Amino acid sequence: METVLSQRLRQVAAYVPQGAKLLDVGSDHAYLPIALLEEGKISSAIAGEVVKGPFESAQKNVAASGFEEKIEVRLANGLAAFEPSDQVTAISICGMGGRLIADILEAGKEKLTSVDRLILQPNNREDDLRRWLVANGFAIIAEEIMTENGKFYEILVAEAGQAELTADQERFGPFLMTDLSDIFRLKWEREWNKLDIALAQVPLSNEESRSALIQKMEKIKEVLANES
Ligand code: SAM
9 METVLSQRLR QVAAYVPQGA KLLDVGSDHA YLPIALLEEG KISSAIAGEV VKGPFESAQK
69 NVAASGFEEK IEVRLANGLA AFEPSDQVTA ISICGMGGRL IADILEAGKE KLTSVDRLIL
129 QPNNREDDLR RWLVANGFAI IAEEIMTENG KFYEILVAEA GQAELTADQE RFGPFLMTDL
189 SDIFRLKWER EWNKLDIALA QVPLSNEESR SALIQKMEKI KEVLANES
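Per the working numbering, numbering through the sequence shown is continuous, rising by one, with the last residue being 236.
Next up, the structure:
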C-alpha cells in the first residue's frame, strides 16, 4: 500500500533532489524514505533514529515496504548514522526544534562537506538554525511556510555557499519575508498578538522588558507592511 505522507513531509520531499542518496535523521516511522523510494525519487536511503522504539518501528515499516535492500535503518545519534563511504548526497532532519537540529549538524559538521543539500524542518527556533547555517558555510536556497493541524511549519533548504543574513532575515526568513504569503502573515499576526498579551502583563515600571517587547512587535508590523 502506498505511503501517504503528511502535507508537511510532502513539502519536505519536494526538495529532495532526484536520484539522491538520502539520510533522514530522526526517521521515526521511516515514512519519508519509503515514500521517496515508492515514487522513484531517490536511489537509496539511510533512516537514522536514536531512540529504540521509533528505530524498531522504522525497521518494521521498511520490512513491510519491501525496500530492505534500499533503506538501511540505523540506530544512531544524529549524523553518526553515516560515514563518508555511504556517499550520502542529501540529509533531511524534520520535526524537531531548531536548536536540536543545529546541535545535530554541529556535532557532525566535518562530514557535511560531501553532502549537496540539507532539507530541514524545525518546529521552532528557526532563527537559531538559520544562524548556524550561515556561520557554517551554508546558504539558504529556498524556504517554505505551511500550516497543518493548526500548527505552522517552516522548511529550510540549504546548500554550501556564502550568504550573510540580517537580524530580520534570521528571524523571519530571507525568502519568507520577501514572499509575504498569507500563511506567513497569519503566523506573525498571531505572534504579534501573543507579544501584545505578554506586554499587558509587564508592569509599567519595567521599562526594559516593555521596550524589548515593543521593539519586537514594531518589527513584525514593519515586515508585514513591506510591499513584495
Ligand atoms: N522526522 C519525523 C517527522 O518529521 O515526522 C519524526 C519526527 S519525531 C517528532 C522526532 C524524531 O527524532 C524522534 O523519533 C526522535 O527519537 C528522533 N531524534 C531526536 N533526536 C535525535 C538524534 N539526535 N538523532 C537521531 N534521531 C533523533
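By construction, the Cβ of each residue, glycine as well, lies at the ideal position given by its N, Cα and C atoms.
Note that this is a predicted model, so its numbers are computed, not measured.
Ala-150 to Val-58 span [Cα, whole Å]: As a working note, residue 150 is residue 142 in the sequence shown. As a working note, residue 58 is residue 50 in the sequence shown. C-alpha separation (whole angstroms): 28 Å.
Extent of the continuous alpha helix (DSSP H) run through Met-225: Here the question's residue 225 lines up with position 217 in the sequence shown. That run of the alpha helix (DSSP H) goes 215 to 233.
Minimum C-alpha distance to Arg-133 - residue among Ile-127, Tyr-161, Arg-125: As a first step, residue 133 must be located in the sequence shown, where it is residue number 125. Ranking Ile-127, Tyr-161, Arg-125 by Cα distance to Arg-133 puts Tyr-161 first.
CA-to-CA distance, Glu-156 to Ser-35, given in whole angstroms: Along the sequence shown, read from residue 1 onward, the residue named residue 35 stands at position 27. Along the sequence shown, read from residue 1 onward, the residue named residue 156 stands at position 148. Their Cα atoms are separated by approximately 19 Å.
Expected contact under 8 Å - CB spacing of Arg-281 and Leu-173 to nearest Å: Residue coverage of the chain in this structure runs from 9 to 236, which leaves residue 281 outside it and unanswerable.
Any non-hydrogen atom of the ligand SAM closer than 7 Å to Leu-17 Cβ: Mapped onto the sequence shown, residue 17 falls at position 9. Answer for Leu-17: yes, Cβ within range of the ligand SAM.
Assigned exposure category for Ala-115 - 16 Cβ within 10 Å defines buried: Numbered from its first residue, the sequence shown carries residue 115 at position 107. With fewer than 16 other Cβ atoms within 10 Å, it is exposed.
Best match in Asn-131, Lys-229, Thr-186, Gly-145 for proximity to Asp-124 [C-alpha to C-alpha]: Along the sequence shown, read from residue 1 onward, the residue named residue 124 stands at position 116. Closest by alpha carbon: Gly-145.
Meets three-Cβ-pair contact criterion under 8 Å: the stretch 209 to 218 and the stretch 172 to 187: no
Option in Leu-45, Ile-148, Cys-102 with minimal Cα separation from Glu-77: Translated into positions along the sequence shown, residue 77 becomes position 69. Nearest C-alpha to Glu-77: Leu-45.
For Asp-176 and Lys-227, believed in contact at Cβ under 8 Å, the rounded distance: Indexing the sequence shown from 1 puts residue 227 at position 219. Indexing the sequence shown from 1 puts residue 176 at position 168. Contact holds; Cβ gap of about 7 Å.
Coarse secondary structure for Val-142, derived from DSSP in three states: Mapped onto the sequence shown, residue 142 falls at position 134. It is helical.
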